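Peer 1:
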Amino acid sequence: MTDNGRVGYRDIADELRRRIDSGELAPGSRVPGENDLMSRYDVERPTARQALEVLKNEGLIVARRGSGTFVREFKPITRVSPDRLRTGQSIWDADLGSRPRTENVTVDVEPPSSSVAEALQLADDEHVVVRRRRYVVEDKPVQLATSYFPEALVAGSSIAQIDTGEGGAYARLKELGSEPTKFVEELRVRMPREPEREALELAQGTPIILITRKAYTADDRPVEVNEMVLDSSAYLLEYRFHSND
1275 MTDNGRVGYR DIADELRRRI DSGELAPGSR VPGENDLMSR YDVERPTARQ ALEVLKNEGL
1335 IVARRGSGTF VREFKPITRV SPDRLRTGQS IWDADLGSRP RTENVTVDVE PPSSSVAEAL
1395 QLADDEHVVV RRRRYVVEDK PVQLATSYFP EALVAGSSIA QIDTGEGGAY ARLKELGSEP
1455 TKFVEELRVR MPREPEREAL ELAQGTPIIL ITRKAYTADD RPVEVNEMVL DSSAYLLEYR
1515 FHSND
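Residue 1296 in the numbering used here sits at position 22 of the sequence shown, with consecutive numbering throughout.
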């Protein structure tokens, strides 16, 4: 309540949040609109609008142009580690049981950033082959990925082509005598930059998960840095390990 005893936008947001958390407003269900809130709580339009904005910024509800506002549906892709990096299967098979659609694949040769050069242990004059792509599941973009490989290692291989062939880049690295067998992943969460928001078609208030994976051969030689930008509303990260790992 406000000081004058009237309902404030936070009170309305708290009530709607409670209804979402309890399941009364289920995923995909329509959320009361501004007119409904104005009538129910006897408030002006700016108060009703601000209450909905609070929940949008928390990522609990999404507006669909011409349709209204709905409780966000969470149908996660379970990203299982370390199972997904075991040899003999597609990474996406471990996550989805199938492959997503790959879009906007580009391959370039570029000078590396200082962080990539350090991770790949490159000399000052060395370049990297950069593979950029977007992954789409059920017509929804879910991930952006940028992989960096030492040019001296992969030049002339299918890794430097749009189509890497059966088994992907890791199969080609194995053929080159540089099979990745050890991996290190760093995770962080932040709000998206505008190009990331547009590329992933993110709803308002949706953060991204940034995963940087470094791949090494059995003798600890770095062969890839992969920077992945994940739609956090599309993923559940699952980690499996033993107490003696």
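Every residue gets a Cβ at the ideal spot worked out from N, C-alpha and C, and that includes glycine. All of these numbers come straight from a predicted model, not from anything done at the bench.
First and last residue of the alpha helix (DSSP H) that includes residue 1382?
Peer 2: In the sequence shown, the residue the question calls residue 1382 occupies position 108. First-last for residue 1382: 1375-1384, but that is the beta strand (DSSP E), not the alpha helix (DSSP H).
Peer 1: Please list, in chain order, all residues of the same chain as residue 1428 whose beta carbon is under 6 Å from its beta carbon, the five residues on each side excluded.
Peer 2: As a working note, residue 1428 is residue 154 in the sequence shown. Closer than 6 Å at the Cβ level, and outside the excluded window around residue 1428, lie 1403, 1434.
Peer 1: For my contact list, residue 1480 and residue 1506 are in at a C-beta cut-off of 8 Å; report their separation, rounded to the angstrom.
Peer 2: Position 206 of the sequence shown, counted from the first residue, corresponds to residue 1480. Position 232 of the sequence shown, counted from the first residue, corresponds to residue 1506. Right, their Cβ atoms sit about 6 Å apart.
Peer 1: Are there 16 or more other CB atoms within 10 angstroms of the CB of residue 1465, so buried, or fewer, so exposed?
Peer 2: The residue you call residue 1465 lines up with position 191 of the sequence shown. It counts as exposed.
Peer 1: To test your reading of the DSSP string, which unbroken beta strand (DSSP E) runs of 3 or more residues are found completely within the stretch 1426-1506?
Peer 2: Runs of the beta strand (DSSP E) inside the stretch 1426-1506: 1456-1464, 1482-1490, 1496-1505.
Peer 1: Starting from residue 1421, follow its DSSP beta bridges and name the residues at the other end.
Peer 2: Translated into positions along the sequence shown, residue 1421 becomes position 147. Beta-bridge pairing links residue 1421 to 1405, 1500.
Peer 1: From 1296, 1468, 1333, 1319, pick the residue whose C-alpha is nearest to that of residue 1478; which is it?
Peer 2: The residue you call residue 1478 lines up with position 204 of the sequence shown. Ranking 1296, 1468, 1333, 1319 by Cα distance to residue 1478 puts 1333 first.
Peer 1: Any idea what DSSP makes of residue 1347, helix, strand or coil?
Peer 2: Taking the first residue of the sequence shown as position 1, residue 1347 is located at position 73. Correct three-state label for residue 1347: coil.
Peer 1: Can you tell me whether residue 1362 is buried or exposed, with buried defined as 16 or more other CB within 10 angstroms of its CB?
Peer 2: Position 88 of the sequence shown holds residue 1362. Any reading at residue 1362 must be qualified, since the residue scores a pLDDT of 44, below 50, and its modelled position is unreliable; no value is offered.
Peer 1: Have a look at residue 1406 and residue 1413 and give me their C-alpha separation to the nearest angstrom.
Peer 2: In the sequence shown, counting from the first residue as 1, residue 1406 sits at position 132. In the sequence shown, counting from the first residue as 1, residue 1413 sits at position 139. When rounded, the distance between both Cα atoms is 19 Å.
Peer 1: If you follow the beta strand (DSSP E) that residue 1510 is part of, which residue opens it and which one closes it?
Peer 2: The sequence position of residue 1510 within the sequence shown is 236, counting from 1. Looking at the DSSP string, the run of the beta strand (DSSP E) that includes residue 1510 is 1509-1513.
Peer 1: Could you give the distance in angstroms between the alpha-carbon of residue 1327 and the alpha-carbon of residue 1301?
Peer 2: The sequence position of residue 1327 within the sequence shown is 53, counting from 1. The sequence position of residue 1301 within the sequence shown is 27, counting from 1. Between residue 1327 and residue 1301, the C-alpha separation is close to 18 Å.
Peer 1: Looking at C-beta atoms only, is the number of pairs between the stretch 1478-1498 and the stretch 1439-1455 that lie closer than 8 Å three or more?
Peer 2: Short answer: they touch.
Peer 1: Which residues share a DSSP beta bridge with residue 1335?
Peer 2: As a working mapping, residue 1335 is identified with position 61 in the sequence shown. According to DSSP, which records beta bridges pairwise, residue 1335 is partnered with 1345.
Peer 1: Buried or exposed: where does residue 1383 fall if 16 or more other Cβ atoms within 10 Å of its Cβ makes it buried?
Peer 2: Residue mapping note: residue 1383 aligns to position 109 of the sequence shown, counting from 1. So residue 1383 counts as exposed.
Peer 1: Consider the Cβ of residue 1432: report whether some Cβ of chain B lies at a distance smaller than 8 Å.
Peer 2: The structure shown has no chain B; it contains just one protein chain.
Peer 1: Going by Cα to Cα distance, which pick from 1398, 1444, 1439 is closest to residue 1266?
Peer 2: This structure cannot speak to residue 1266, because the chain is shown only from 1275 to 1519.
Peer 1: Between 1290, 1342, 1472, 1280, which has its C-alpha nearest residue 1416's C-alpha?
Peer 2: As a first step, residue 1416 must be located in the sequence shown, where it is residue number 142. Comparing Cα positions, the closest option is 1472.
Peer 1: Can you tell me which of the three DSSP states residue 1303 falls into?
Peer 2: Residue 1303 sits at position 29 when you count from the first residue of the sequence shown. In the structure shown, residue 1303 sits in coil (DSSP, three-state: anything other than H, G, I, E or B).
Peer 1: Just to confirm, are residue 1408 and residue 1511 a CB contact at a threshold of 8 Å?
Peer 2: Position 134 of the sequence shown, counted from the start, is the residue given in the question as residue 1408. Position 237 of the sequence shown, counted from the start, is the residue given in the question as residue 1511. Not in contact: residue 1408 and residue 1511 (Cβ atoms no closer than 8 Å).
Peer 1: Less than 8 Å between the C-beta atoms of residue 1508 and residue 1351, yes or no?
Peer 2: By 1-based counting over the sequence shown, the position of residue 1508 is 234. By 1-based counting over the sequence shown, the position of residue 1351 is 77. For residue 1508 and residue 1351, yes; Cβs fall inside 8 Å.
Peer 1: Is the beta carbon of residue 1283 closer than 8 Å to that of residue 1337?
Peer 2: Taking the first residue of the sequence shown as 1, we reach residue 1337 at position 63. Taking the first residue of the sequence shown as 1, we reach residue 1283 at position 9. Their beta carbons are not under 8 Å apart, which means residue 1337 does not touch residue 1283 by this criterion.
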